[in-house]
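For reference, the structure is listed below as structure tokens.
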Amino acid sequence: MGLAQALLVLLVSAAHAWMPDASARIELKYGDDASEQFVGNTTAPDHFRILDKDDFSIIVGGRNTVYNLSLYDLSENMEQRLEWQSTDAHRELCQLKGKSADECQNYPRVAARTHERLLVCGTNAFKPLCRWYPRHAQSHHQEEFDGSGRCPYDPQHNSTAIFADGKLYTATAADFSGTDPLIYREPVRTERSDLRLLNDPSFVGAISSTSHVYFFYRETAVEYMNCGKAVYSRVARVCLNDIGGPHTFSDRWTSFLKTRLNCSMPGDYPFYFDEIQATTELINGIYGNGGSRNDIVYAVFTTPQNAIGGSAVCAFAMRDILDAFEGPFKGQENMNSNWLPLEKDKVPEPRPGSCEEDSRTLSDSAVNFIKTHSLMDKAVPSFLARPILIRVSLQYRFSAIAVHPQVQAMNGNKYDVMYVGTDDGRVIKAVNVAANEGDFYASADEDSKSPVRTAVISEVQVLPQGVPIKQMHVALTTEKLIVASGDIIRAVTLSYCSNVLSCRECVALQDPHCAWDSKQQQCSWVGNRQFPNPERFLQNVEYGKTDICNKLPALSTGHSNKNPGTKKPKLSHSDDIQNEILIEVVETNVLSDDKPTNNNKHGTDSLTVEAADGNIYTSQALLTAVVASCLVTLMVGFVIGYLFSRRFRHPFFADTSPFNEQHNHLNRLSPLETPLNANSGYMPPRSKNVNMVANVCPLAKQDNLHLDLGKDRPLDLRNSTESLDKDLKCGTLQKVKKTYI
Ligand SMILES: *[C@@H]1O[C@H](CO)[C@@H](O)[C@H](O)[C@H]1NC(C)=O
Ligand SMILES: *[C@@H]1O[C@H](CO)[C@@H](O)[C@H](O)[C@H]1NC(C)=O
Ligand SMILES: *[C@@H]1O[C@H](CO)[C@@H](O)[C@H](O)[C@H]1NC(C)=O
Numbered sequence: 053m054g055l056a057q058a059l060l061v062l063l064v065s066a067a068h069a070w071m072p073d074a075s076a077r078i079e080l081k082y083g084d085d086a087s088e089q090f091v092g093n094t095t096a097p098d099h100f101r102i103l104d105k106d107d108f109s110i111i112v113g114g115r116n117t118v119y120n121l122s123l124y125d126l127s128e129n130m131e132q133r134l135e136w137q138s139t140d141a142h143r144e145l146c147q148l149k150g151k152s153a154d155e156c157q158n159y160p161r162v163a164a165r166t167h168e169r170l171l172v173c174g175t176n177a178f179k180p181l182c183r184w185y186p187r188h189a190q191s192h193h194q195e196e197f198d199g200s201g202r203c204p205y206d207p208q209h210n211s212t213a214i215f216a217d218g219k220l221y222t223a224t225a226a227d228f229s230g231t232d233p234l235i236y237r238e239p240v241r242t243e244r245s246d247l248r249l250l251n252d253p254s255f256v257g258a259i260s261s262t263s264h265v266y267f268f269y270r271e272t273a274v275e276y277m278n279c280g281k282a283v284y285s286r287v288a289r290v291c292l293n294d295i296g297g298p299h300t301f302s303d304r305w306t307s308f309l310k311t312r313l314n315c316s317m318p319g320d321y322p323f324y325f326d327e328i329q330a331t332t333e334l335i336n337g338i339y340g341n342g343g344s345r346n347d348i349v350y351a352v353f354t355t356p357q358n359a360i361g362g363s364a365v366c367a368f369a370m371r372d373i374l375d376a377f378e379g380p381f382k383g384q385e386n387m388n389s390n391w392l393p394l395e396k397d398k399v400p401e402p403r404p405g406s407c408e409e410d411s412r413t414l415s416d417s418a419v420n421f422i423k424t425h426s427l428m429d430k431a432v433p434s435f436l437a438r439p440i441l442i443r444v445s446l447q448y449r450f451s452a453i454a455v456h457p458q459v460q461a462m463n464g465n466k467y468d469v470m471y472v473g474t475d476d477g478r479v480i481k482a483v484n485v486a487a488n489e490g491d492f493y494a495s496a497d498e499d500s501k502s503p504v505r506t507a508v509i510s511e512v513q514v515l516p517q518g519v520p521i522k523q524m525h526v527a528l529t530t531e532k533l534i535v536a537s538g539d540i541i542r543a544v545t546l547s548y549c550s551n552v553l554s555c556r557e558c559v560a561l562q563d564p565h566c567a568w569d570s571k572q573q574q575c576s577w578v579g580n581r582q583f584p585n586p587e588r589f590l591q592n593v594e595y596g597k598t599d600i601c602n603k604l605p606a607l608s609t610g611h612s613n614k615n616p617g618t619k620k621p622k623l624s625h626s627d628d629i630q631n632e633i634l635i636e637v638v639e640t641n642v643l644s645d646d647k648p649t650n651n652n653k654h655g656t657d658s659l660t661v662e663a664a665d666g667n668i669y670t671s672q673a674l675l676t677a678v679v680a681s682c683l684v685t686l687m688v689g690f691v692i693g694y695l696f697s698r699r700f701r702h703p704f705f706a707d708t709s710p711f712n713e714q715h716n717h718l719n720r721l722s723p724l725e726t727p728l729n730a731n732s733g734y735m736p737p738r739s740k741n742v743n744m745v746a747n748v749c750p751l752a753k754q755d756n757l758h759l760d761l762g763k764d765r766p767l768d769l770r771n772s773t774e775s776l777d778k779d780l781k782c783g784t785l786q787k788v789k790k791t792y793i
């Protein structure tokens with residue numbers, strides 16, 4: 053019971069904190085939008101990876117091939133195609149070692165351009181190899197060299213590479229079995245099999261600055277090893293001018309430092325999203341009213357694979373990363389002691405990791421220090437102190453992210469528009485609409501105090517269901533979102549402005565890309581455009597509301613104006629949203645249970661959340677259900693207590709069915725439901741299609757639902773709606789009771 057209560061408390065508080073991000077204004081199913089795609093080799097796995105990009109094209113590594121694709125329509129620039137097969141000898145050896153024929157191909161994983169040449173490194177049938185190609189002629193490669201340490205052996209390995217200061221920096225594994233992870237730039241690397249440096253890492257991204265290269269990855273946490281196994285997210289860095297240490301350290305970094313990334317929901321017990329999955333490039337923007345410029349990097353995080361599926365987007369300011377690296381080091385006295393912050397006087401001079409001019413002149417003791425103290429004590433806090441987007445789902449986790457940086461809204465404010473890819477092929481578009489309000493703490497309104505108020509604009513099934521999105525890229529010049537999985541690359545539009553038909557809906561999107569064009573009477577793309585007469589366009593990214601819409605002449609074709617209750621022009625007030633979510637779910641239930649032929653809400657409003665696909669809906673609902681069930685457990689407990697006390701006062705009740713009683717009492721708890729109590733003796737048949745989400749009904753004040761459903765229906769239908777509602781409630785209450793008591 054204690055455990056259950058703890059879980060309940062956790063879920064309830066989590067539910068409260070997490071709900072605001074839960075539904076999108078526009079939802080599209082797979083194939084609902086027109087988009088270009090590139091599939092490469094259709095008969096065998098391609099393991100696509102976007103290796104490089106310029107303003108108009110991307111370079112993609114596929115099976116035995118490097119493709120150059122146009123960012124307009126993903127058409128291939130055939131002259132630039134490079135074909136590169138492994139030799140038969142390599143392929144045979146690879147298969148002898150137990151790899152499959154598909155794995156024993158050459159998959160280019162790294163590419164870097166210099167002025168005249170293109171460097172490509174491929175897995176080459178588990179024997180990595182690099183080649184220099186001339187850039188502008190489709191000719192033979194020039195030279196070849198060993199790619200071990202630069203390119204993974206396994207095409208699926210989570211490696212990353214970045215070309216900085218004319219040199220290739222890689223984070224990958226340097227052996228056949230993938231057990232020798234390293235961060236490498238010729239000729240220096242991280243120490244071999246030193247778990248304090250890299251412990252079973254998955255690298256996800258890298259960025260460079262004027263003096264450092266930063267790597268983002270997750271790994272088994274060495275500082276937690278005395279307490280069990282945990283995976284933490286990290287940022288590590290090395291100096292650009294590090295050329296290795298003295299003597300025996302000549303091929304080892306002297307500047308490798310790392311620290312934890314803290315992406316968590318704050319609270320007495322912060323809830324951590326510990327596993328980083330992807331990062332963006334560095335984004336320079338103005339955040340807050342003070343107009344302070346910040347370099348920030350966005351990243352997606354998830355809970356561990358075996359935990360309840362939680363995902364989050366966090367941002368990190370370069371400034372905070374630097375601070376963490378300037379802070380105290382973490383140290384461990386001996387193998388069994390805890391990792392603790394190191395006192396200042398134990399840190400040698402010059403401070404390790406500070407990019408000395410000639411790293412070979414460092415003392416042995418300085419190099420030894422950094423070898424044993426590469427971990428910093430302070431974690432990097434997330435920018436704005438909390439995740440910017442959170443999703444809880446059994447269906448999917450976040451797997452990729454791209455940002456359209458600093459999109460200017462009609463009022464001049466700038467927003468980073470986030471596109472988050474999931475491992476089931478969908479793309480969620482979201483904007484932190486609070487990021488520009490600056491004076492976060494001035495307002496008395498509770499919600500606007502938070503520096504994070506995220507509007508989820510759209511959720512689109514871009515790839516077939518179940519296909520994980522591996523990489524995403526916002527092509528600024530062509531205004532396309534490039535979405536890459538292992539075997540498909542698609543280019544989709546950045547916005548779905550024209551999918552909404554009314555002024556109010558358009559403004560409610562809170563999409564900096566879209567505004568209502570009062571002249572053309574349509575929702576138009578305005579992102580980053582300058583207009584001579586901006587007052588013609590209506591937009592309100594901050595709150596999604598404007599009074600002017602109402603003053604415009606109503607559109608004769610616009611159905612949406614007639615149904616003011618159906619759209620969701622919502623603020624992210626958590627309570628509202630919580631209700632809305634529940635209402636949606638229950639509506640769906642009603643829909644699937646009695647399939648009304650002409651349901652106003654769904655039949656005419658193209659934007660109402662689609663839950664036609666039973667699969668998606670069911671498992672998403674399941675999670676809500678867990679939370680809901682807990683709530684109901686609490687309620688039922690209360691009711692039973694109440695019942696008992698009543699039972700002793702009213703012997704009469706002993707004759708009635710306990711379920712009925714319970715139902716009555718529950719109804720009594722929500723004042724607007726009194727009409728239903730009129731036939732309180734009625735015990736509806738149990739619904740076959742019991743859905744636990746419906747449990748929430750009595751608690752969630754879903755009065756709107758009753759009113760809504762009743763209002764537009766003919767009288768004869770209305771009765772059935774009522775009984776159906778009751779049905780849902782009673783049926784599920786019984787179920788809950790059975791399960792939990
Ligand atoms: C792709 O080919 C075009 C045309 O030859 C070239 O200009 C462009 O730089 C190539 N793309 C990349 C990313 O190298
Ligand atoms: C690479 O990352 C993916 C996605 O997080 C994960 O499923 C996979 O197990 C990782 N691969 C390795 C070899 O760790
Ligand atoms: C992470 O951040 C939260 C709040 O933002 C804080 O409560 C927690 O102590 C931090 N954790 C670490 C390990 O720094």
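Sequential numbering from 53 applies to the sequence shown in the working numbering. Yeah, the Cβ is synthetic: ideal placement off N, Cα and C, and Gly gets one too.
ask   = P433: buried (16+ other C-beta within 10 angstroms of its C-beta) or exposed?
value = Within the sequence shown, residue 433 is the residue found at index 381, counting from 1. By the 10 Å Cβ count, P433 comes out buried.
query = If we call anything under 9 Å between Cβ atoms a contact, is V504 one with S87?
reply = In the sequence shown, residue 504 corresponds to position 452, counting from 1. In the sequence shown, residue 87 corresponds to position 35, counting from 1. Result no, Cβ atoms of V504 and S87 do not sit closer than 9 Å.
query = Would you call A322 buried or exposed, if buried means 16 or more other Cβ atoms sit within 10 Å of its Cβ?
reply = Locating residue 322 in the sequence shown gives position 270, counting from the first residue. The sequence shown places Pro at residue 322, rather than the Ala named in the question. Label assigned to P322: exposed.
ask   = What is the DSSP secondary structure of V661, counted as helix, strand or coil?
value = Within the sequence shown, residue 661 is the residue found at index 609, counting from 1. With a pLDDT of only 34 at V661, under the threshold of 50, the placement of this residue in the model should not be trusted; the figure read from the coordinates follows. Reduced to three states, the DSSP call for V661 is coil.
key: Integer Cβ distance of L170 from Y185, believed to fall under 8 Å   = If you number the sequence shown from 1, residue 170 lands on position 118. If you number the sequence shown from 1, residue 185 lands on position 133. Their Cβ separation, rounded to whole angstroms, is 5 Å, which keeps L170 and Y185 in contact under 8 Å.
query = Cα separation between S411 and N420?
reply = Mapped onto the sequence shown, residue 411 falls at position 359. Mapped onto the sequence shown, residue 420 falls at position 368. One C-alpha to the other measures close to 13 Å.
inquiry  = Going by DSSP, what residue range makes up the beta strand (DSSP E) through L392?
reply    = Position 340 of the sequence shown, counted from the start, is the residue given in the question as residue 392. Its beta strand (DSSP E) spans residues 391 to 393.
ask   = If you check the beta carbons only, do G596 and A507 fall under 9 Å apart?
value = Along the sequence shown, read from residue 1 onward, the residue named residue 596 stands at position 544. Along the sequence shown, read from residue 1 onward, the residue named residue 507 stands at position 455. Yes; because the gap between Cβ atoms is below 9 Å, this pair is in contact.
key: Beta-carbon separation (whole angstroms), M428 vs A367, contact threshold 8 Å   = Translated into the one-based positions of the sequence shown, residue 428 becomes position 376. Translated into the one-based positions of the sequence shown, residue 367 becomes position 315. Their Cβ separation, rounded to whole angstroms, is 19 Å, which puts M428 and A367 out of contact at 8 Å.
ask   = First and last residue of the alpha helix (DSSP H) that includes R556?
value = Here residue 556 refers to the residue found at position 504 when the sequence shown is read from its first residue. First-last of the alpha helix (DSSP H) with R556: 555 to 560.
request  = Return the residue from the list L334, G174, F197 that minimises the CA-CA distance to E155.
outcome  = Here residue 155 corresponds to residue number 103 of the sequence shown, with the count starting at 1. For the residues L334, G174, F197, the minimum Cα distance to E155 belongs to G174.
key: Endpoints, beta strand (DSSP E) assigned at I480   = One-based indexing of the sequence shown puts residue 480 at position 428. Run containing I480: 478 to 484, per the beta strand (DSSP E) assignment.
request  = Quick one: residues in its chain with C-beta nearer than 8 Å to the C-beta of K430, no 5 flanking neighbours on either side, listed in chain order?
outcome  = Locating residue 430 in the sequence shown gives position 378, counting from the first residue. The residues are T311, D375, A376, G379, P380.
request  = Select from I509, F267, R438 the residue whose C-alpha is nearest the C-alpha of G319.
outcome  = For the purposes of this step, residue 319 is identified with residue 267 of the sequence shown, where counting begins at 1. For G319, the nearest C-alpha among the options comes from R438.
message = Let's see if you can read the secondary structure: which residues bound the beta strand (DSSP E) around C601?
response = If you number the sequence shown from 1, residue 601 lands on position 549. Per DSSP, C601 belongs to no beta strand (DSSP E); it is in the alpha helix (DSSP H), 600 to 603.
query = How about T809 and G113: are their beta carbons less than 9 Å apart?
reply = Past the boundaries of the shown model lies residue 809; the chain is included only from 53 to 793, so the question cannot be answered.
task = Quick one: measure Cβ to Cβ for E385 and T354, integer angstroms, because I've assumed they're closer than 8 Å.
result = Counted from its first residue, the sequence shown places residue 385 at position 333. Counted from its first residue, the sequence shown places residue 354 at position 302. Rounded, the Cβ-Cβ distance is 34 Å, inconsistent with contact.
ask   = According to the neighbour-count rule (16 or more other Cβ atoms, all chains shown, within 10 Å of its Cβ), is R244 buried or exposed?
value = As a position in the sequence shown, residue 244 is number 192, starting the count at 1. It is exposed - the Cβ of R244 has fewer than 16 other Cβ atoms within 10 Å.
query = Where DSSP assigns a beta bridge to Y195, which residues make up the other side?
reply = Taking the first residue of the sequence shown as position 1, residue 195 is located at position 143. Before going on, a small fix: residue 195 reads as Glu here, not Tyr. Looking at the DSSP assignment, E195 forms a beta bridge with W184.
request  = Can you check DSSP and say which residues form a bridge with N314?
outcome  = On the sequence shown, position 262 is the one that residue 314 refers to. Paired residue(s): P433.
query = Between L441 and the rest of its own chain, which residues show a CB-CB distance below 6 Å, the 5 nearest in sequence each way excluded?
reply = Reading the sequence shown from its first residue, position 389 is the one you call residue 441. Contacts found: D73, V365, A482, T506.
inquiry  = Considering only their Cβ atoms, is the gap separating L528 from H456 smaller than 9 Å?
reply    = For this step, residue 456 is matched to residue 404 along the sequence shown. For this step, residue 528 is matched to residue 476 along the sequence shown. Yes.
query = So, using beta-carbon positions, are R77 and I521 closer together than 9 Å?
reply = Locating residue 77 in the sequence shown gives position 25, where the first residue counts as 1. Locating residue 521 in the sequence shown gives position 469, where the first residue counts as 1. No, Cβ-Cβ distance for R77 and I521 is not below 9 Å.
request  = Using 8 Å as the cut-off, classify the Cβ of G477 as near or not near the heavy atoms of ligand 2, replying yes or no.
outcome  = Walking along the sequence shown from the start, residue 477 turns up at place 425. Every heavy atom of ligand 2 is 8 Å or more from the Cβ of G477, so no.
message = For a test of the three-state rule: what should DSSP assign to E333, helix, strand or coil?
response = As a first step, residue 333 must be located in the sequence shown, where it is residue number 281. If DSSP states are grouped into helix, strand and coil, E333 belongs with coil.
inquiry  = Please classify E594 as buried or exposed, where buried requires at least 16 neighbouring CB atoms within 10 angstroms.
reply    = As a position in the sequence shown, residue 594 is number 542, starting the count at 1. Its Cβ being crowded by 16 or more others within 10 Å, E594 is buried.
ask   = Among residues of its own chain, excluding the 5 on either side of Y467, which ones have a beta-carbon nearer than 6 Å to its beta-carbon?
value = Within the sequence shown, residue 467 is the residue found at index 415, counting from 1. V459, V483, P564.
task = Identify the continuous beta strand (DSSP E) that holds E271 and give its terminal residues.
result = Within the sequence shown, the letter at position 219 stands for residue 271. Looking at the DSSP string, the run of the beta strand (DSSP E) that includes E271 is 264 to 272.
request  = Starting from I509, follow the beta strand (DSSP E) in both directions and report where the run begins and ends.
outcome  = As a working note, residue 509 is residue 457 in the sequence shown. First-last of the beta strand (DSSP E) with I509: 506 to 513.
inquiry  = In this structure, how does DSSP classify I422 when only helix, strand and coil are distinguished?
reply    = As a working note, residue 422 is residue 370 in the sequence shown. Three-state result, I422: helix.
query = Cβ of L171 versus every heavy atom of ligand 1: is any distance shorter than 8 Å?
reply = Taking the sequence shown and counting its residues from 1, one reaches residue 171 at position 119. Checking the Cβ of L171 against ligand 1 gives no.
query = Is V274 close to chain C, meaning its C-beta is less than 9 Å from at least one C-beta of that chain?
reply = Considering every chain present, this structure includes no chain C. It has just one protein chain.
key: Helix, strand or coil at H299 [DSSP, three-state]   = Residue mapping note: residue 299 aligns to position 247 of the sequence shown, counting from 1. Reduced to three states, the DSSP call for H299 is helix.
query = Would you call G199 buried or exposed, if buried means 16 or more other Cβ atoms sit within 10 Å of its Cβ?
reply = The sequence position of residue 199 within the sequence shown is 147, counting from 1. The residue is buried, with at least 16 neighbouring Cβ atoms inside 10 Å.
task = Please name the residue in L392, L515, S363 whose C-alpha comes closest to that of V444.
result = As a first step, residue 444 must be located in the sequence shown, where it is residue number 392. Per the Cα distances, S363.
request  = For G280, collect the residues of the same chain with a Cβ closer than 7 Å to its Cβ; drop the 5 residues on either side in sequence, then sort them by chain order.
outcome  = Indexing the sequence shown from 1 puts residue 280 at position 228. Cβ within range, chain order: n/a, list empty.
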